[in-house]
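K.L.:
Got a structure for you, questions after.
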Amino acid sequence: MNIDTIAAISTPMGEGAIGIVRVSGEDAIAVADKIYKGKFPLTVLDSHTINYGHIYDPQSGETIEEVMVSVLRAPKTYTKENMIEINCHGGLVSVNRVLHLVLNQGTRLAEPGEFTKRAFLNGRIDLSQAEGVMDLIRAKTDRAMNVAMNQVEGKLSQRIQKLRQELLETVANVEVNIDYPEYDAEEMTVTILQEKGTFVQKEIERLLQTAHQGKILREGLSTVIVGRPNVGKSSLLNSLVHENKAIVTEIAGTTRDVIEEYVNVRGVPLRLLDTAGIRDTEDIVEKLGVERSRKVLNEAELVLLVLNQNEPLTDSDLELLKLTEENDSIIIVNKADLEDRIDIEYVRKLAGNRPVLATSLVRDEGVDELEEAIRDLFFEGDLDTGDMSYVSNSRHIALLHQAKQSVEEALGAVDADMPVDMIQIDITRAWELLGEVIGDSAQESLIDQLFAQFCLGK
Amino acid sequence: MSSYNGGEFDVIVIGAGHAGVEAGLASARMGANTLMLTLNLDAVAYMPCNPSVGGPAKGIVVREIDALGGEMGKNIDKTHVQMRMLNTGKGPAVRALRAQADKFAYQHEMKRTIEETDNLLLRQGMVEELIVENGEIRGVVTQTGARYSAKSVVVTTGTYLRGKVILGDLSYDSGPNNMQPSVNLSYHLQELGFEMVRFKTGTPPRVNGATIDYTQTEIQPGDDVPRAFSYETTKFITDQLPCWLTYTNETTHELINLNLSRSPMYSGMIEGTGPRYCPSIEDKVVRFNDKPRHQIFLEPEGRNTSEVYVQGLSTSLPEDVQHEILKTVPGLQNVRMMRPGYAIEYDAIVPTQLWPSLETKKISGLFTAGQINGTSGYEEAAGQGIMAGINAARKAQDREALILNRSEAYIGVLIDDLVTKGTNEPYRLLTSRAEYRLLLRHDNADLRLTEKGYEIGLISRERYDKFISKKDKIAVEIERLENSFVKVSPETNAVLEKAGSSPIKEAMNAAVLLKRPELHYDAINLLIPSENDYEEDVKEQVEIQVKYKGYISKQLDQVNRLKKMENKKLPVDLDYLSIKGLAMEARQKLSEVKPLSMAQASRVSGVNPADVSVLLVYMEQGKLKKVD
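Chains A and B are the protein sequences, given in the same order.
For the first sequence, counting from 1, position 149 maps to 149 in full-length UniProt numbering; every step adds exactly one.
For the second sequence, counting from 1, position 535 maps to 535 in full-length UniProt numbering; every step adds exactly one.
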């Protein structure tokens, strides 16, 4: 029903000079304002104006993107609803990040064709047109549904169905305790609810991890290059950037010295963090101190640690090897063209399971192997991006996050000693949300489960 | 049969069961001249099955009936043998009151109330025909030839409508408990074009309590605290009778399995659809064969009888097998059966043929309520009965119908489910059918509905004034708590510790403090005493509304989101078949249900969001007539 606020990327998927995220619905302006920083809040700006500002993540406070935002107030808009158009710098990655932020503010990802649908629902198109469009929309939606269904038909769908069944049995048990208080069914105590809730929460987290590859593809893999001064960090960065087409370059953030670069390495978009530090060829540990380095490293999804083959290992090297133990990391022993002065066996021992590669970046040697290693680290086997449907994936991830949140609220209610029927409200919500992922959320199934599971009656 | 003129009425109610009595009383009390016809005057408000009223969801319906000015709550308050609050260990939304009835006293009390009600004539007579002219109801004709005319008619035929009792390989036409069935009216309804379904229900044997060895059973006493359904009840019954719990066992189950071939359930003799929630013992044994035992509750049928209802043993097995089954149950080894259990089949109309007012779409002025609409249960019947009675009277008085929505009352959920989705088995209310369970509480039925009861003229000015005063007190006290702070002091923390709570380190808002699960209103009131000494029900409301505010507002948000759709009204004469954008299934379903609002349309099974969108376009385009 056309009362919620929807959002989608309205420019073609792929690389372009700009990308537009469009939001429509009663709350469109308020929602966009939550992630926008500009001279004035969007909510006070005149209709049909375009405004310079920044999009930031309200949770982390991190600035995401420099944007131009169009404020379009109902009814003189495409959908006849309040609308916002966020013009981003472009590139798949940054536009997607902005979309995700918008979706996190309580908007729903638009179905295919939904902006047009709203345009006629709200009377912008006349009825004869509307009836024609309706057929089209129906076909589109059905196809979108098929795409979604095909995609979740596999492992994800099975796991979700299992999870839902688990929740359904739990809820049915709570319901039977409520509707048949004297029936000798196991009393669904808060302890059991807590166990089940925690289990489901963990499972959803694991499901979200399976979506991790998709996330990497969409948002890029945050990558840090570390190493002592003059080991070749800058050369590494340059070869990665020059070898590969940079998707996005130099998105300036609020802090001048944090610069991000995106490079596409064999289909894996790397988001190179804190490259300013690398450019200045400073040691990350020296520059930031151990604690902050650890924090930066913790946030990184990939660490490229560069050593110098031409020099024996220093304390700094050892410190870095140790600091990056917990990371997905690749150890690059550079300057392979120079005399071998490093104890490579000791490096391998400290590296543990981490790949250790020899390169000579000045001679452009070993870069292919490095790129292979990066890809292998995140994608086993062939990477088939053609199969990844961005739209449905994004919807699923959003739903899974919401479901997880509901479960967490239920667990919070357990901690707060809420009665079982209150806790159940959020458990049922989680079950419904998971149902939306696989396109099934009928209330009637609960009633059916109730009578299938328990022998009730007078 | 020669006929004669029986007189003119505003409203005629056919049947005086739980639906019929509420319909008749509501109609008469609203000033409509009302005739209540029943085929047996001794069966007014008869309980042909279990001797109890209330329980989860159902108990809340009883309170809703009371808040609207109905009789069920008051009547059971006067005639119960036991009262219990169920689900006390859970949250306030699912607490439910249940009474064991003295079923004979219940009947007598109800009959006397009816007899003493102005504008209401109770008369024995079996209606066989409805008088219909130009699609409008004009009156009824009885078996004895009396022609009564009326502006509205409410049909509440229960299990009497073409009823058939089945017991082993024996079957015969009969209403409940060997009463006369109403056969011709069913055929007449079919002739009038109503689509009918055949449902089935059943009842267990009754035994002589004097032959039960209660020492082998567990006692199930009533609550010590005096309780009542009605907000008007001031006299409480203190002398209560207990129920008793025992169990079936492997021997019982073997015996049943051995005799399955003699069960009409399995021989194919029963054609009606039975309810899943009220299975016969043979059904339970077959479907849940891994369950080693099933509960049996022994419930007294009244104070002046030894008859005991054997809850859990509903059956249509032959009488000789019933004797044997009873003897396998601990405590019942030497029991004497007084009446056998039996299954009963009856006709009902497909409820999607009704408007949410319970008026039939086919015949203006004709209303139906209770089991004829496919439900089961006294409370479900009574809830529909009062609504049908109210709307029949309002129709006769040229006033618009009263419709409760899903966020206002369980009665609203029940009727909306019936008229929007229909039912393929006897429908029972469950708390899980209500999406706004937390709003539809047992404790706030008066807050939800008294206003409406007063507006339609079923609640007295005196009761209304009391209600308004209660409402004001709740609001004032909540505001006080929300604006008061509890200061830190040794005294404060002593009170908190005594209440099993942790001490506070800095001044704390009283309402926030009350949100702690272990703290109750009285403890908070000790810390910041009110000038007023509030009644228990006021304190209860304050506590619930403060404690669960977060959850309550979550549900209110849901309600508000849907409100826009509820407010988009659809005209009843809309030709859905001609709207090209709708899917074929949606066109058919919508033509059948004729939803009154966009929200109701979206609940019709087979109607998907795209169809609703098409309707919305239609509406925005002004193609739909404006509906006020």
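Don't be surprised by glycine CBs; every beta carbon is placed ideally from N, CA and C.
What you are looking at is a predicted structure, and each value in this text was computed from that prediction instead of being measured.
(1) Under 9 angstroms between the Cβ atoms of Y436(B) and V559(B)?
(2) Is L240(A) helix, strand or coil when you go by DSSP?
(3) What do you reckon, are the CB atoms on residue 637(B) and F229(B) nearer than 9 angstroms?
(4) Where do the ends of the beta strand (DSSP E) carrying R354(A) lie?
(5) Between Y277(B) and V44(B), what straight-line distance do the alpha-carbon atoms span, to the nearest angstrom?
(6) What does DSSP give as the partner residues of V141(B) in its beta bridges?
(7) Does DSSP put L121(B) in a helix, a strand or coil?
(8) Which chain A residues are close to L449(B), counting only those with a beta carbon under 8 angstroms from its beta carbon?
(9) Pick out the complete beta strand (DSSP E) segments inside the stretch 158-235 of chain B, 3 residues or longer, and give them in chain order.
(10) Keeping to the same chain, check which residues put their C-beta closer than 8 angstroms to that of V617(B); ignore five residues upstream and five downstream.
(11) Using the rule of at least 16 other Cβ atoms within 10 Å of the residue's Cβ for burial, across every protein chain shown, is P426(B) buried or exposed?
(12) Contact between the stretch 306-325 of chain A and the stretch 229-237 of chain A: three or more CB pairs below 8 angstroms?
(13) Name the residue from A110(A), T11(A), Q194(A) whose alpha carbon lies nearest to the alpha carbon of I423(A).
(14) What number of angstroms, rounded off, separates the C-alpha of I374(A) from the C-alpha of E66(A)?
(15) To the nearest angstrom, how far is the alpha carbon of R143(A) from that of A119(A)?
(16) In the structure shown, what three-state DSSP assignment does M110(B) receive?
(17) Helix, strand or coil for A343(B)? Go by DSSP, reduced to three states.
(18) CA-CA distance, G7(B) and S149(B)?
(19) Which value, in whole angstroms, describes the spacing of the CA atoms of D416(B) and E250(B)?
(20) Here's a check: name, in chain order, each residue in its chain whose Cβ is nearer than 7 angstroms to the Cβ of D382(A), leaving out the five neighbours to either side.
(21) If we cut at 9 angstroms on Cβ distances, does R587(B) have a partner in chain A?
(22) For W431(A), list the residues DSSP reports as bridge partners.
(23) Rounded to whole angstroms, what's the CA-CA distance from Y247(B) to S578(B)? Just pull it up for me.
(24) Could you work out which residues of chain A lie near L86(B), taking near to mean beta carbons separated by less than 8 angstroms?
(25) Could I get the ranges of all uninterrupted beta strand (DSSP E) runs contained in the stretch 337-385 of chain B, with 3 residues as the minimum, in chain order?
(26) Under 9 angstroms, do V207(B) and V310(B) count as touching if we go by C-beta distance?
(27) Let me know if M619(B) comes out buried or exposed under the rule of 16 or more other beta-carbons within 10 Å of its beta-carbon.
(28) Between the C-alpha atoms of C49(B) and P204(B), what's the straight-line distance to the nearest angstrom?
(29) What alpha helix (DSSP H) runs, 4 residues minimum, are completely inside the stretch 448-512 of chain B?
(30) Going along the chain, which residues of its own chain have a beta-carbon closer than 6 angstroms to the beta-carbon of R108(A), five neighbours each way excluded?
(31) By the 7 angstroms beta-carbon criterion, what residues does the stretch 412-425 of chain A contribute toward chain B?
(32) Can you say whether N87(B) is buried or exposed, counting buried as having 16 or more other CB atoms within 10 angstroms of its CB?
(33) List, from N- to C-terminal side, the beta strand (DSSP E) runs of 3 residues or more that fit wholly inside the stretch 11-78 of chain B.
(34) If you count every other CB in all the chains shown that lies within 10 Å of the CB of T191(A), and 16 or more means buried, which is it?
(35) So, is the C-beta of K470(B) closer than 9 angstroms to a C-beta in chain A?
(36) Take the Cβ of N5(B) as the centre, count every other Cβ of all protein chains shown within 10 Å, and call the residue buried at 16 or more, exposed below.
P.N.:
Once the coordinates are examined:
(1) yes
(2) helix
(3) Given a span of 1 to 628 for chain B in the structure shown, any question on residue 637(B) remains unanswerable.
(4) R354(A) -> no beta strand (DSSP E), and no H or E assigned at all.
(5) Taking the straight line joining both Cα atoms gives about 26 angstroms.
(6) E129(B), R147(B).
(7) strand
(8) Simply none; closest approach about 22 angstroms.
(9) 164-167, 170-173, 196-203, 206-208, 218-220
(10) The beta carbon of V617(B) sits closer than 8 angstroms to those of G581, all from its chain and outside the five residues before and after it, given in chain order.
(11) buried
(12) yes
(13) Q194(A)
(14) 29 angstroms
(15) Confidence is the limiting factor: at R143(A) the pLDDT is only 36, short of 50, which leaves the residue's position unreliable, though a coordinate-based value still follows. The alpha-carbon atoms of R143(A) and A119(A) are separated by roughly 21 angstroms.
(16) It is helical.
(17) strand
(18) 6 angstroms
(19) 43 angstroms
(20) Summary for D382(A): the model assigns pLDDT 42, below 50, so the residue's position carries little reliability; its value from the coordinates is reported in the next sentence. So no residue of the chain qualifies.
(21) no
(22) In the DSSP output, where bridge partners are listed per residue, W431(A) has none listed.
(23) 59 angstroms
(24) P181, E182
(25) 337-339, 342-349, 366-368
(26) yes
(27) buried
(28) Looking at the two C-alpha atoms, the distance is approximately 8 angstroms.
(29) Complete alpha helix (DSSP H) runs here, min 4: 461-482, 490-498.
(30) D4, I6
(31) A416, D417, M418, P419, V420, D421, M422, I425
(32) buried
(33) 34-38, 52-54
(34) exposed
(35) no
(36) The residue is exposed, with fewer than 16 neighbouring Cβ atoms inside 10 Å.
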